[in-house]
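Residue numbers (our numbering): 1 to 250.
In this text, a Cβ means the ideal position worked out from N, Cα and C, and glycines have one as well.
Down below is the structure, laid out as structure tokens.
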Amino acid sequence: MAETPQQRRPKVMQVLSIAVVIALSAMMFSASAALTKKDSGRHPEDLSDLVRVEMKRQDELAERTDALRAKFDELTAQQANTLPAVDKEIQLVSGISTGSTPVSGPGIQVVLTDAPPQAQNLEGWNPDDLVVHQQDLQAVINALWAGGAESMTLQGQRVTPLTAFKCVGNVLLLHGQVYSPPFKVEAIGDLDSLTAALDASPAITTYKQYVQAVGLGWFTQPLDNIEMPAATNISTLKFATVPEGTDVWD
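Have a look at this one:
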């Protein structure tokens with residue numbers, strides 16, 4: 001039976017729809033292929049690609065590290081062959097000043113402590129007046145250095161040029177440890193010079209006025225021999241560089 005125009009029309013539309021879909025699909029595949037080719041090598045597309053990229057980067061960094069280590073060893077050997085050995089006396093003095101060498105010798109002990117509990121009832125004084133403060137300890141340490149102290153300890157820990165401490169309330173924070181009063185400072189050096197330096201300090205003179213007024217603790221005594229250990233918390237200077245234009249091998 002012959003088909004009428006109305007019966008043929010749906011089939012024609014169906015064929016046209018399929019043709020359009022095929023054409024669009026071809027265009028999409030072509031565009032995807034072009035984009036893939038264009039972006040090839042730029043970004044990892046999956047985890048395995050990322051792993052391969054990072055492994056390659058790690059290998060490159062390892063090669064660079066080996067090269068730098070070899071250069072370091074070369075410069076170290078060159079330094080040993082070209083620079084004169086440091087004098088032993090200089091090494092000793094340097095070790096004492098930096099705290100890296102244990103020392104012993106005669107010196108002085110200074111002890112500071114808070115006022116007794118009954119001082120809390122004194123009229124006209126507040127709690128801050130009754131405790132040892134950071135500036136009090138700094139005054140003692142600075143005076144002893146000025147008096148020619150060769151080495152020093154605070155609470156038994158070696159004091160170096162890079163030592164930092166802080167008082168919070170009536171406790172002392174030093175090298176990651178917390179201490180309560182009494183606070184003890186010991187210094188090796190000439191007793192007369194150290195004592196004179198303590199007496200000449202204006203800050204310590206002020207502290208002694210509080211000793212008389214509210215009973216803050218102040219005690220000093222000479223010691224025939226003080227054993228000081230090497231510093232265990234020596235700070236490291238960072239970001240130090242050789243001045244521009246300086247020949248380190250000159």
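Distance check for residue j and residue i, CA to CA, integer angstroms please.
{"i": "Lys208", "j": "Leu112", "result": "10 Å"}
{"i": "His133", "j": "Gln118", "result": "19 Å"}
{"i": "Pro339", "j": "Leu174", "result": "Outside the shown range of the chain, which is 1 to 250, sits residue 339, and nothing can be said about it."}
{"i": "Glu54", "j": "Val140", "result": "57 Å"}
{"i": "Thr241", "j": "Met152", "result": "29 Å"}
{"i": "Pro116", "j": "Thr220", "result": "18 Å"}
{"i": "Tyr251", "j": "Leu130", "result": "With the chain covering only 1 through 250, there is no way to say anything about residue 251."}
{"i": "Asp128", "j": "Thr232", "result": "32 Å"}
{"i": "Phe72", "j": "Thr65", "result": "10 Å"}
Determine the closest residue to residue i out of the options, with distance taken between C-alpha atoms.
{"i": "Tyr179", "options": "Asp192, Ile188, Gly169 and Pro116", "result": "Gly169"}
{"i": "Ser100", "options": "Thr246, Thr160 and Ser193", "result": "Thr160"}
{"i": "Asn142", "options": "Leu194, Arg64, Thr232 and Ile226", "result": "Leu194"}
{"i": "Lys261", "options": "Asp136, Leu122 and Glu150", "result": "For the chain, the structure presents residues 1 to 250; residue 261 sits outside this window and is missing."}
{"i": "Ala149", "options": "Leu191, Gly124, Gln58 and Ala164", "result": "Leu191"}
{"i": "Gly122", "options": "Thr246, Ala213 and Glu227", "result": "Correcting the residue identity first, residue 122 is Leu in this sequence and not Gly. Closest by alpha carbon: Ala213."}
Just reading off the beta strand (DSSP E) that residue i is part of, what are its end residues?
{"i": "Val185", "result": "Phe183 to Ile188"}
{"i": "Val168", "result": "Phe165 to Val168"}
Using DSSP bridges, identify the partner residues of residue i.
{"i": "Leu61", "result": "Leu61 pairs with nothing; no bridge assigned."}
{"i": "Val178", "result": "Leu173"}
{"i": "Ile226", "result": "Gly105"}
{"i": "Gln212", "result": "Answer by DSSP bridge pairing: none, since Gln212 is not bridged."}
{"i": "Thr220", "result": "Val110"}
Could you spell out the range, first to last residue, of the alpha helix (DSSP H) harbouring residue i?
{"i": "Ala197", "result": "Leu191 to Ala200"}
Segments assigned beta strand (DSSP E), at least 3 residues, entirely inside the stretch 98–161: As far as the stretch 98–161 is concerned, its whole beta strand (DSSP E) runs of at least 3 residues are 103–113 and 151–154.
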